[in-house]
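Remarks on the structure that follows.
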Amino acid sequence: MSTTKTTPKQVTVTGAAGQIGYSLLFRLASGALFGPDQPIVLRLLEIEPAMKALEGVIMELDDCAFPLLAGIEATSDLDTGFSGANVAMLVGSVPRKAGMERKDLLSINGGIFKPQGQAIARSAASDVRVLVVGNPCNTNCLIARSNAPEVPAERWFAMTRLDENRAKTQLAKRAGVEVAAVSNLAIWGNHSATQFPDFANARIEGRPVPEVITDSAWLTGAFIETVQKRGAAIIEARGLSSAASAANAAIDSLVSVFNPTAEGDWTSLGVASKGEYGVPEGLQFGYPIRSTGDSWEVVPGLTHDEFAAERIRLTTEELLGERADVAELLN
Ligand code: NAX
Numbered sequence: 082m083s084t085t086k087t088t089p090k091q092v093t094v095t096g097a098a099g100q101i102g103y104s105l106l107f108r109l110a111s112g113a114l115f116g117p118d119q120p121i122v123l124r125l126l127e128i129e130p131a132m133k134a135l136e137g138v139i140m141e142l143d144d145c146a147f148p149l150l151a152g153i154e155a156t157s158d159l160d161t162g163f164s165g166a167n168v169a170m171l172v173g174s175v176p177r178k179a180g181m182e183r184k185d186l187l188s189i190n191g192g193i194f195k196p197q198g199q200a201i202a203r204s205a206a207s208d209v210r211v212l213v214v215g216n217p218c219n220t221n222c223l224i225a226r227s228n229a230p231e232v233p234a235e236r237w238f239a240m241t242r243l244d245e246n247r248a249k250t251q252l253a254k255r256a257g258v259e260v261a262a263v264s265n266l267a268i269w270g271n272h273s274a275t276q277f278p279d280f281a282n283a284r285i286e287g288r289p290v291p292e293v294i295t296d297s298a299w300l301t302g303a304f305i306e307t308v309q310k311r312g313a314a315i316i317e318a319r320g321l322s323s324a325a326s327a328a329n330a331a332i333d334s335l336v337s338v339f340n341p342t343a344e345g346d347w348t349s350l351g352v353a354s355k356g357e358y359g360v361p362e363g364l365q366f367g368y369p370i371r372s373t374g375d376s377w378e379v380v381p382g383l384t385h386d387e388f389a390a391e392r393i394r395l396t397t398e399e400l401l402g403e404r405a406d407v408a409e410l411l412n
């Protein structure tokens, strides 16, 4: 195998010295995103106070001697960080602290994602794909996208895949099947406690979930609650928020964008709404997505009962509220 003849992909990761970065970078460098024949350059964007910690992470990356890692650029300068980026993973953000209102959180993060969006428009490669992980990821993605009108709206994704993966495992455990038997699991709406993991349209071994798991009280109650509150349960158990599973979901998300979706299946991504399923246009909304590897579509024609429709209405309302809170940051 020769890796020297292939032009490396430029992959930017923000918040690279953080927890998720610590899991993500090593998987990227080992080929988890583009496979074993595609070298990459990691472009690591951090704020000044974290540059020393980032140096340590880079030492460890060096010490892995990854054959696919063609270079590392560490910087706190936005244009250097996004220069020539084919993929931008926006992980770094400011977490919610005790006493912080949602509005404060949104505007602090707006201060991060607006200039990042502008720098992506100026400096990234013309084929850039952007995945926003840093919370509140849907609205952070909306802010960045709206400040980069030169980058087509369909290149922007907010991460709902961790919720999808969590939901699949809960269903598999309950049904006593392997997780690979669960398919067609969409997370509708916001990556937050209002998200709707759509069990009714999901399948287990090809059959609708409610036919396999007939306990509808569990599906509409404990199942949804477990998925929605999984992040908090991990903090409670580990003393730290989920990181390795988030990094894994970030790679899963982009693999789903760059590769064709399995026949009949779909995956979950937060994308710019064009009004599908009655969701107001422009919201960065979690939908079921099918990709060809080059382009993707929101899966059409799914139906929702009253329960699901109400859940989707609530998560839509929340995203509309977030959008109103950051109106002054939008273009
Ligand atoms: P950490 O606090 O460990 O790391 C964040 C890193 O971002 C820090 O190193 C910090 O210096 C850096 N940073 C802050 N502002 C920056 C800026 N303007 N430019 C570049 N870097 C900057 O958090 P971590 O656990 O890694 O989580 C990162 C984000 O992912 C958080 O917002 C978190 O809420 C979010 N998550 C999103 C998930 C999702 O499913 N969408 C799940 C996991 C995670 O909770």
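All residue numbers for the sequence shown refer to my numbering, where the first residue is 82 and numbers rise by one.
Glycine included, C-beta positions come from ideal geometry on N, C-alpha and C.
Apart from the five residues just before and just after Ser83, which ones in its own chain have a Cβ nearer than 6 angstroms to its Cβ?
Note that Ser83 scores 48 on pLDDT, short of 50, meaning its location in the model is unreliable and no value can be drawn from it.
Using the beta-carbon count (16 or more within 10 Å), is Ala225 buried or exposed?
buried
Please determine whether the Cβ atom of Cys218 lies at a distance below 7 angstroms from any heavy atom of the ligand NAX.
yes
Mapping DSSP to helix, strand and coil, what is Val407?
coil
Contact test: Met240 Cβ vs the ligand NAX heavy atom, cutoff 7 angstroms:
yes
Cβ pair Asn271, Asn282 closer than 8 angstroms:
no
Where Ala327 and Met170 are concerned, what is the direct C-alpha to C-alpha distance, given to the nearest angstrom?
12 angstroms
Assign Val214 to one of two classes, buried (16 or more other C-beta atoms within 10 Å of its C-beta) or exposed (fewer than that).
buried
Is Glu391 a contact residue of the ligand NAX, with contact defined as CB to any heavy atom under 7 angstroms?
no
Enclosing beta strand (DSSP E) for Thr93 [first to last residue]
Lys90 to Thr95
With a threshold of 7 angstroms, establish whether the CB of Ser264 neighbours any heavy atom of the ligand NAX.
no
Under 8 angstroms, do Ser372 and Val338 count as touching if we go by C-beta distance?
yes
Proximity of Gly382 and Trp269 at Cβ, strictly below 8 angstroms:
no
For Met170, which of helix, strand or coil comes out of DSSP?
strand
Can you list, in chain order, the residues of its chain with a C-beta nearer than 6 angstroms to that of Gly162? Leave out the 5 residues immediately preceding and following it.
Thr93, Arg124, Leu126 and Thr156
Is the beta carbon of Ile153 within less than 7 angstroms of some heavy atom of the ligand NAX?
no
Residues that Leu400 bridges to, as DSSP identifies them:
Leu400 is not bridged to any residue.
Which runs of the alpha helix (DSSP H) at least 4 residues long sit entirely within the segment 322-371? Give them in chain order.
325-339
For the ligand NAX, any of its heavy atoms closer than 7 angstroms to the Cβ of Ala405?
no
Are the Cβ atoms of Val138 and Gly102 separated by less than 8 angstroms?
yes
Candidates Phe280, Thr396, Asp333 and Pro148: closest to Ala113 by CA position:
Asp333
By Cβ distance below 6 angstroms, which residues in the same chain neighbour Ala261 in space, the five residues on each side in sequence not counted?
none
For Trp299: DSSP bridge partner residues
BP columns for Trp299 are empty, so no partner.
Would the C-beta of Glu127 count as close to the ligand NAX, meaning under 7 angstroms from any of its heavy atoms?
yes
Round the Cβ separation of Phe277 and Ala179 to the nearest angstrom and send it over; I've been treating them as touching at under 8 angstroms.
In fact, because the Cβ distance is near 28 angstroms, the residues do not count as touching under 8 angstroms.
Can you tell me whether Arg394 is helix, strand or coil according to DSSP?
helix
For Ala98 and Arg288, I'd like the C-alpha separation in whole angstroms.
43 angstroms
Is Val214 near the ligand NAX, with its Cβ less than 7 angstroms from a heavy atom?
yes
At the level of alpha carbons, what is the spacing between Gln91 and Pro291?
43 angstroms
Go ahead and label Thr397 buried or exposed: buried means 16 or more other beta carbons lie within 10 angstroms of its beta carbon, across all protein chains shown.
buried
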